[in-house]
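Using our numbering, you'd call the opening residue of the sequence shown number 7 and step up by one each time. A virtual CB, placed ideally from N, CA and C, is assigned to each residue, including glycine.
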Amino acid sequence: MGCCGSSEQKQREWKPLEDRSCTDIPWLIIFTLFCIGMACIAGFSISTGAASRLISGYDSYGNTCGQKNGKIEGVELSGRDQTNNNEITSFHPFYLYPPLSVVLSIILMVVIRYISVVLVWILTALVVLGSIGGTGVLWWLYVDHRTNLTDQTGTSPTPQQQVATDNVQALLVYAIFATVFTVILLLLLFFMRKRVALTITLFHVAGKVFTHLPLLALQPFWTFLSLMLFWVSWLGVLLFLGTAGSPVQSEEAGLVEYRMSGPLQYMVWYHAVGLIWISQFILACQQMTVAGAVVTYYFTRNKSELPMTPIVSSMLCLTRYHLGTVAKGSFIITLVEIPRLILTYIHNQLKGKENACARCMLKSCICCLWCLKKCLMYLNQNAYTATAINSTSFCTSARDAFFILVENALRVATINTVGDFVLFLGKVLIVSCTAFVGVLSLNYQRDYTVWVLPLLIVCLFSWLVAHCFLSVFEIVVDVLFLCFAVDTKHNDGSPGREFYMDKALMEFVEDSKNMAGRDQPEADGDGREMKPMTHGGGTFA
7 MGCCGSSEQK
17 QREWKPLEDR
27 SCTDIPWLII
37 FTLFCIGMAC
47 IAGFSISTGA
57 ASRLISGYDS
67 YGNTCGQKNG
77 KIEGVELSGR
87 DQTNNNEITS
97 FHPFYLYPPL
107 SVVLSIILMV
117 VIRYISVVLV
127 WILTALVVLG
137 SIGGTGVLWW
147 LYVDHRTNLT
157 DQTGTSPTPQ
167 QQVATDNVQA
177 LLVYAIFATV
187 FTVILLLLLF
197 FMRKRVALTI
207 TLFHVAGKVF
217 THLPLLALQP
227 FWTFLSLMLF
237 WVSWLGVLLF
247 LGTAGSPVQS
257 EEAGLVEYRM
267 SGPLQYMVWY
277 HAVGLIWISQ
287 FILACQQMTV
297 AGAVVTYYFT
307 RNKSELPMTP
317 IVSSMLCLTR
327 YHLGTVAKGS
337 FIITLVEIPR
347 LILTYIHNQL
357 KGKENACARC
367 MLKSCICCLW
377 CLKKCLMYLN
387 QNAYTATAIN
397 STSFCTSARD
407 AFFILVENAL
417 RVATINTVGD
427 FVLFLGKVLI
437 VSCTAFVGVL
447 SLNYQRDYTV
457 WVLPLLIVCL
467 FSWLVAHCFL
477 SVFEIVVDVL
487 FLCFAVDTKH
497 NDGSPGREFY
507 MDKALMEFVE
517 DSKNMAGRDQ
527 PEADGDGREM
537 KPMTHGGGTF
547 A
């Protein structure tokens with residue numbers, strides 16, 4: 007934490023809800039300039055790309071639908087007159103999957119809020135059955151398609167058979183991955199079975215926050231809408247960049263591909279960085295908004311003095327004071343993702359060329375960067391909470407939050423393990439259901455030949471949707487814990503220094519500590535035993 011905070015050696019005195027000030031303004035300027043660069047790339051791609059191929063579509067031989075086409079050298083079936091073929095028949099099965107993942111996420115949020123007692127057990131059972139059933143379906147589809155492919159081996163090879171072979175291999179990879187994932191998931195459920203009951207209490211405590219701050223439930227909609235608008239525009243620019251390339255016949259299947267070269271490749275990399283940074287920025291805005299609302303509620307003793315809509319007040323506070331902090335935090339995540347993306351690209355480019363040692367080193371680096379990203383994302387979330395409390399810069403807030411988390415390391419490990427694992431199961435359930443519907447629809451539409459990329463897009467999109475909605479619960483739990491840690495650090499329950507927490511929150515933290523193996527009542531740094539707030543007007547119930 008060398009950059010975190012200035013030359014101060016003394017830890018900061020936490021002062022919730024004090025006067026606000028703008029934080030990390032230089033980073034807001036840098037982020038604005040970067041977005042201007044993204045806009046320039048968008049303008050260039052739209053002006054130079056072939057919009058007709060995006061609007062009308064084109065086949066595997068470079069023929070654009072709805073118009074006459076020029077002959078491509080070396081491609082026998084190119085140069086066809088497609089004036090009468092103006093109907094696009096690709097990707098239509100996937101129009102239903104995005105709404106499906108959204109509906110499943112909303113249902114799961116409502117269920118978590120109102121029937122948390124039975125939800126955890128139902129969710130666990132559904133995930134187990136879904137994982138086993140999904141794995142079985144993938145193996146059945148693999149055997150079915152492999153049998154059909156074997157029946158066609160006597161005929162001369164065609165590009166369609168090559169695509170069918172790729173689909174069979176993709177199904178085999180999916181089936182093996184699903185099998186390994188299911189085995190690991192079952193083992194995790196077995197070893198964590200004693201913590202399931204503790205999760206019920208955790209969701210009950212977090213659910214009370216949603217009772218008093220009902221607009222929190224709408225926050226994922228705005229985040230999801232913002233992400234969708236950005237992703238659609240980003241994908242549109244990427245497609246325009248792709249159509250700006252030159253048609254090239256692939257050596258393997260003899261089909262036409264549009265490949266980018268020269269400056270277009272650098273634009274694509276800049277565009278890819280923009281996807282990561284701006285997506286992380288939008289998610290970080292959600293984290294900061296939710297953190298600000300929960301912090302305001304937690305540290306307000308007289309609830310009649312709360313703003314009429316704490317979530318709206320938090321959004322206004324973010325927009326006015328802390329966009330620079332959010333930009334800096336999201337850039338740090340991007341800074342880790344960029345080398346991971348580059349290493350992944352190098353690994354894919356060198357497949358079949360590097361030795362086993364180099365392959366192992368590349369995979370190890372990619373794995374380490376992924377772990378680092380997860381740690382930084384958790385620290386970022388707590389830094390945003392510290393900023394919402396103290397109105398300090400990102401580095402100072404990260405340092406303060408880090409010290410608080412270190413002082414409560416055992417509680418952090420237990421609470422995160424309990425809550426995040428069940429929410430992870432919820433995300434797995436949503437992705438599994440959406441992917442299951444996608445696999446079945448593709449299986450009964452044999453005219454749709456390409457499986458690999460569409461299924462990956464469906465799974466990725468479903469995971470992002472589920473994360474966008476269910477992450478609100480994760481944020482609330484993390485913010486509550488940091489507020490709890492600050493509360494116990496500066497209050498002792500005596501008159502004039504009552505705790506802000508209520509009895510339910512305290513009992514959960516004590517139970518989580520006992521689950522970790524400490525059976526004595528928890529005391530803070532001064533040896534004080536925690537007692538619930540007896541007066542002062544502020545409770546969660």
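Mind checking which residues open and close the alpha helix (DSSP H) that includes Tyr-327? Here residue 327 refers to the residue found at position 321 of the sequence shown. Tyr-327 -> no alpha helix (DSSP H), and no H or E assigned at all.
Less than 8 angstroms between the C-beta atoms of Phe-400 and Thr-331, yes or no? The sequence position of residue 400 within the sequence shown is 394, counting from 1. The sequence position of residue 331 within the sequence shown is 325, counting from 1. Between Phe-400 and Thr-331, the C-beta spacing is below 8 angstroms.
Three or more C-beta pairs below 8 angstroms linking the segment 332 to 344 and the segment 277 to 295: yes
So for Arg-405, helix, strand or coil by DSSP? What you label residue 405 is simply residue 399 of the sequence shown in a count that begins at 1. The answer is helix: DSSP assigns Arg-405 an H, G or I state.
Can you find at least 3 beta carbon pairs, one from the segment 24 to 33 and one from the segment 316 to 332, that sit closer than 8 angstroms? yes
In three-state terms, what does DSSP make of Leu-312? Translated into the one-based positions of the sequence shown, residue 312 becomes position 306. Coil at Leu-312, not helix or strand.
Helix, strand or coil: how does DSSP classify Tyr-513 here? On the sequence shown, position 507 is the one that residue 513 refers to. Reading the sequence as shown, one finds Glu at residue 513 and not Tyr. The answer is helix: DSSP assigns Glu-513 an H, G or I state.
Between Ser-477, Leu-39 and Ala-491, which lies nearest to Leu-222 when the distance is taken from Cα to Cα? Taking the first residue of the sequence shown as 1, we reach residue 222 at position 216. Ranking Ser-477, Leu-39 and Ala-491 by Cα distance to Leu-222 puts Ser-477 first.
Nearest to Ser-403 by alpha carbon, out of Leu-144, Gln-387, Ala-415 and Phe-490? The residue labelled residue 403 in the question sits at position 397 within the sequence shown. When only C-alpha atoms are compared, the closest one is Gln-387.
I need the straight-line Cα distance from Ala-491 to Asn-497, nearest angstrom please. Residue numbering aside, residue 491 sits at position 485 when the sequence shown is read from its first letter. Residue numbering aside, residue 497 sits at position 491 when the sequence shown is read from its first letter. When rounded, the distance between both Cα atoms is 10 angstroms.
Ordered along the chain, which non-local residues of its own chain (more than five positions away) have a Cβ less than 7 angstroms from that of Ser-51? If you number the sequence shown from 1, residue 51 lands on position 45. Only Val-243, Phe-246, Leu-247 and Ala-250 meet the Cβ criterion.
Here's the rule I'm using: 16 or more other beta-carbon atoms within 10 Å means buried, otherwise exposed. How should Asn-154 be labelled? One-based indexing of the sequence shown puts residue 154 at position 148. Exposed is the call here.
Taking Leu-28 as part of the alpha helix (DSSP H), name the residues at either end of that continuous run. Here residue 28 is taken as the residue at index 22 of the sequence shown, counted from 1. The question names Leu, but residue 28 is Cys in the sequence shown. Careful: Cys-28 lies outside any alpha helix (DSSP H) and carries neither H nor E.
Status (buried if at least 16 other CB within 10 Å, exposed otherwise) for Met-512: As a working mapping, residue 512 is identified with position 506 in the sequence shown. Buried, because 16 or more other Cβ atoms sit within 10 Å of the Cβ of Met-512.
Work out the CA separation of Ala-297 and Pro-226 for me, nearest whole Å. In the sequence shown, residue 226 corresponds to position 220, counting from 1. In the sequence shown, residue 297 corresponds to position 291, counting from 1. Their backbone Cα atoms lie some 14 angstroms apart in a straight line.
Just to confirm before moving on: does the CB-CB distance between Tyr-506 and Tyr-304 stay below 8 angstroms? In the sequence shown, counting from the first residue as 1, residue 506 sits at position 500. In the sequence shown, counting from the first residue as 1, residue 304 sits at position 298. If you check the CB distance, Tyr-506 and Tyr-304 come in under 8 angstroms.
Measuring only the C-alpha atoms, how far is Cys-439 from Ala-131? Here residue 439 refers to the residue found at position 433 of the sequence shown. Here residue 131 refers to the residue found at position 125 of the sequence shown. In a straight line, the C-alpha of Cys-439 is about 14 angstroms away from that of Ala-131.
Looking at Val-485: is its Cβ nearer than 8 angstroms to the Cβ of Val-300? Taking the sequence shown and counting its residues from 1, one reaches residue 485 at position 479. Taking the sequence shown and counting its residues from 1, one reaches residue 300 at position 294. It is a contact, given that the beta carbons lie within the stated cut-off.
Does the segment 209 to 222 come close enough to the segment 311 to 322 that 3 or more CB-CB pairs lie under 8 angstroms? yes
Which of helix, strand or coil DSSP assigns to Asp-426: Along the sequence shown, one-based indexing puts residue 426 at 420. Asp-426 falls in the helix class under three-state DSSP.
Residues near Tyr-148 by beta carbon distance below 6 angstroms, same chain, minus five either side: Position 142 of the sequence shown, counted from the first residue, corresponds to residue 148. Result list for Tyr-148: Leu-177, Leu-178 and Ala-181, in chain order.
Secondary structure at Ser-370, three-state DSSP: helix, strand or coil? As a position in the sequence shown, residue 370 is number 364, starting the count at 1. DSSP places Ser-370 in helix when its eight states are reduced to three.
Considering only residues of the same chain and omitting the five flanking positions on each side of Phe-97, which have a CB-CB separation below 8 angstroms? Taking the first residue of the sequence shown as 1, we reach residue 97 at position 91. Low confidence applies to Phe-97: its pLDDT is 48, below 50, so where it sits in the model is not reliable enough to give any reading.
Ordered along the chain, which non-local residues of its own chain (more than five positions away) have a Cβ less than 7 angstroms from that of Cys-291? Position 285 of the sequence shown, counted from the start, is the residue given in the question as residue 291. Apart from sequence neighbours up to five positions away, the residues of its chain that approach Cys-291 with a beta-carbon distance below 7 angstroms are Leu-324 and Val-332, ordered along the chain.
Leu-306 to Asn-414, Cα distance in whole Å? One-based indexing of the sequence shown puts residue 306 at position 300. One-based indexing of the sequence shown puts residue 414 at position 408. The sequence given here has Thr at residue 306, not Leu. Rounded to whole angstroms, Thr-306 to Asn-414 spans 23 angstroms at the Cα level.
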